[in-house]
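Enquirer:
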Amino acid sequence: MSESEFLEPGIEDTPLEKVRHSTAHIMAQAILRLWPNTQLAFGPTIENGFYYDLKIEDYQISMDDFEKIELEMKKVIKENLKFERSEMSHADALEYFKERNQPFKIDQIEKLNLKSYSIYKQGDFTDLCSGPHVNYTKKCKHFKLLNLSGAYFRADTNNPQLQRIYGTSWDSKENLVKHLFQLEEAKKRDHRKLGQALELFEFHEEAPGCVFWQPNGTTLYEKLSEKSKVFHIKCGYQEVRTPIMFNKKLWEKSGHWEHYKDDMFIINDMDEVSEGRDGTEGPNTMSLKPMNCPSHMLMYKNKKRSYKELPIRFHDKGVLHRNELSGALSGLTRVRQFCQDDAHLFVRNSQIEEEVNKVLAMIKSIYSAFDMPFKFYLSTRNPNKFMGEIEVWDKAEKALEDVLKQGGFEYEITPNDAAFYGPKIDCIVYDSLGRGHQCATTQLDFQLPINFDLTYVDEASNDVRPVVIHRAIYGSFERFIGILIEHYAGNFPTWLAPVQVKVLPISEKVHEYANKVQEELINIDIRSEVDSRSETINMKIRENKMKKIPYLLVLGGKEEEAQTVTFRSREDDSQQTISLEEFKNKIAKENEFSF
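Take 53 as the starting number for the sequence shown in my numbering and just add one per residue.
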């Protein structure tokens, strides 16, 4: 049996993972004691915890049941039961789990179809499992059940829907408390709540999975896009724009129609529909593009290319659409319409190392600007699933690793994890709570140049196949903004804040001066607003402070007479009075930013 049944991808078999895996079994045992008719599916470890998928006939577990389940788990732990491994034959395993009415275990046995199965037992609980586990249940004292959700068995909507109960488990009370604190902090920083509170974005049921950017959010989005564009041009990229819909012939050529069709929004061939046929298969069937790469292949192929032109770097922030399941949609992190800082580089084999080095340098510049540490993962060839010559792969993989080494980057190799068309470098970026997010990726592609018959003329006037490098740094703008909201808890640096200064006149008498201050700030490209409401100044300060604006300017008669401003920074409640010119110089300096 493969341990991949019990460990999520990327989760290593460590002592802490043994604790979490064992705690999942303890939770399943406790639930079976409380609800003996429970049917169990899978219970793997995940990052920082575990879950178990299960079904109870005629009952739905709620979070109100967690205290009762945890109490029963503590009883199991106090019993200090030993985890004992044994083997069962195929026939015995089927009989054993049939007797106990465990259809999901039976399904697993039938699909694996092995001669024998690894079984783990602790006390009155037995589970189909390849392990490993701790020796005794007392090793799993520091745990907490967290939440629950729905999940289809084997992630297939045609299968029964189960309940998934999540928990966390640690090797010490201190680490558990620390993790629970981080989870509480994460709830406060939830981008969906802050997005609403700070008036950044909204969603409507009329357009599920599509973001409505409010003025503040649009400013944030455009500022990130603007800085990205300037940086890309500086790094030798050419800005391009491509259509959002294409005939299915393009996707057939690229291979996406065969492998990705179910995730695409299809536009029916109306000639076919009018004649009573399936409009998704007509010659004029179109689809909204889920990625940019095929359109960039067309642009490259539009004319004869010389080796002197390479590398060619196309940068495209066009709108993309992916037909995600409605249940998978989640705030900005999983949407149906989005944009990427997407780029495709057309290079000679001899240029791979140099160009990848430049891409990684860009990644470093951007993430460092946001004070976000990162780590690279190099995915290498799967010997059973790749196209092209082994020598080309070996050379490409060595080039990628050499770049990582020479750059002094922290990285790991993930063997056999590359796509069939080329090795890649993924980047995990860590936010201020230490959570990892997969954003940037750098992917070599030997296949698309073949599919589209791309060539360039070399020094000897021979047609040669280029290599394509797919790369993104933010990833999708939507998801990256969601990460930044939580990373900063909404306290964006001054250059990025949607509103940088809020001008607060104490009374109507100083409205004219307040408008003058705002005008002067706007003239130096500072985003400012005047709160001219008739509320008290304390009310204005309190309400605008909640909007996480970097600077509040309090203006009264004294300030107008002396042509000064009294400012409060977001980080400090104390007030300081300086001349308007001094403040303009201060804020202008903070507004200077480039990658």
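Positions of the beta carbon are idealized from the N, C-alpha and C atoms, including for glycine.
(1) Cβ of N268 within 7 Å of Cβ of P88?
(2) Exposed or buried, D110, counting other C-beta atoms within 10 Å across all chains shown (16 or more means buried)?
(3) Please report the straight-line C-alpha distance between L228 and N165, rounded to a whole angstrom.
(4) Using the beta-carbon count (16 or more within 10 Å), is H194 buried or exposed?
(5) In this structure, does DSSP put G288 in helix, strand or coil?
(6) Going by the CB atoms, is the gap between L456 and Y463 shorter than 7 Å?
(7) Measure the C-alpha to C-alpha separation of K597 and R531 and round it to an integer number of angstroms.
(8) Report the three-state DSSP secondary structure of G247 (helix, strand or coil).
(9) Pull up the distance between the alpha-carbon of K369 and that of K641, whole angstroms please.
(10) Figure out for me which residue from N575, V555, D159 and I639 has the closest Cα to the Cα of V606.
(11) For F177, decide whether its Cβ has a neighbour in chain D, counting only Cβ atoms nearer than 7 Å.
(12) For C192 versus T75, is the C-beta spacing smaller than 7 Å?
(13) When you compare the CB positions of I558 and I601, do they come within less than 7 Å of one another, or not?
(14) Determine the direct distance from the alpha carbon of M424 to that of V71, and round the result to whole angstroms.
(15) So what does DSSP say about M424, is it helix, strand or coil?
(16) Label F233 either buried or exposed according to how many other C-beta atoms from any shown protein chain fall within 10 Å of its C-beta, with 16 as the threshold for buried.
(17) At 4 residues or longer, what runs of the alpha helix (DSSP H) sit wholly inside the region 306 to 339?
(18) Only counting the same chain, and skipping five residues up and downstream in sequence, which positions put a Cβ closer than 6 Å to that of V411?
(19) Just to confirm, are L180 and K163 a CB contact at a threshold of 7 Å?
(20) Taking DSSP's pairing of strands, which residues face C391 in a bridge?
(21) With I521 and V399 assumed to form a contact (beta carbons below 8 Å), what rounded beta-carbon distance in angstroms separates them?
(22) If we require 3 or more residues per run, which beta strand (DSSP E) segments fall completely within the region 503 to 532?
(23) Excluding sequence positions up to five away, which residues of its chain have a Cβ less than 8 Å from the Cβ of E131?
(24) Within its chain, find whatever has a CB closer than 7 Å to the CB of V282; leave out the 5 residues flanking it on each side and keep chain order.
(25) Of all the options E151, F529 and T90, which has the alpha carbon lying nearest to the alpha carbon of Y273?
(26) Compute the distance between the beta-carbons of I319 and V371, then report whether it is under 7 Å.
(27) I think E254 touches Q266, with their Cβ atoms under 8 Å apart; what is that distance to the nearest whole Å?
(28) Among the residues of its own chain, which have a CB less than 6 Å from the CB of S437, if the five just before and after it don't count?
(29) DSSP three-state label for C181, please.
(30) Return the first residue and the last residue of the alpha helix (DSSP H) that Q648 is part of.
(31) Quick check: the Cα distance between V481 and A395, rounded to an integer number of angstroms?
(32) Buried or exposed: which applies to I63, given that a residue is buried once 16 or more other Cβ atoms fall within 10 Å of its Cβ?
(33) Work out the CA separation of K450 and H284 for me, nearest whole Å.
(34) For E564, is the classification buried or exposed, using 16 other Cβ atoms within 10 angstroms of its Cβ as the cut-off for buried?
(35) Would you say the beta carbon of E251 comes nearer than 6 Å to a heavy atom of the ligand NAD?
(36) Would you mind working out which of M115, K592 and W222 sits nearest L68, comparing C-alpha positions?
Expert: If we stick to the structure as given:
(1) no
(2) exposed
(3) 39 Å
(4) buried
(5) coil
(6) yes
(7) 26 Å
(8) helix
(9) 29 Å
(10) V555
(11) Structure shown: chain D not included; a single protein chain is present.
(12) yes
(13) no
(14) 30 Å
(15) coil
(16) exposed
(17) 308 to 312 and 322 to 326
(18) T494 and R523
(19) no
(20) V371
(21) 6 Å
(22) 519 to 528
(23) G175 and T189
(24) S646
(25) F529
(26) no
(27) 6 Å
(28) Per the sequence shown, residue 437 should be read as Lys rather than Ser. Contacts found: F472.
(29) coil
(30) For the chain, the structure presents residues 53 to 647; residue 648 sits outside this window and is missing.
(31) 19 Å
(32) Per-residue confidence for I63 stands at a pLDDT of 40, beneath the threshold of 50, marking its modelled position as unreliable; no derived number is given.
(33) 26 Å
(34) exposed
(35) Ligands are entirely absent from the displayed structure, and the ligand NAD is therefore not among its contents.
(36) W222
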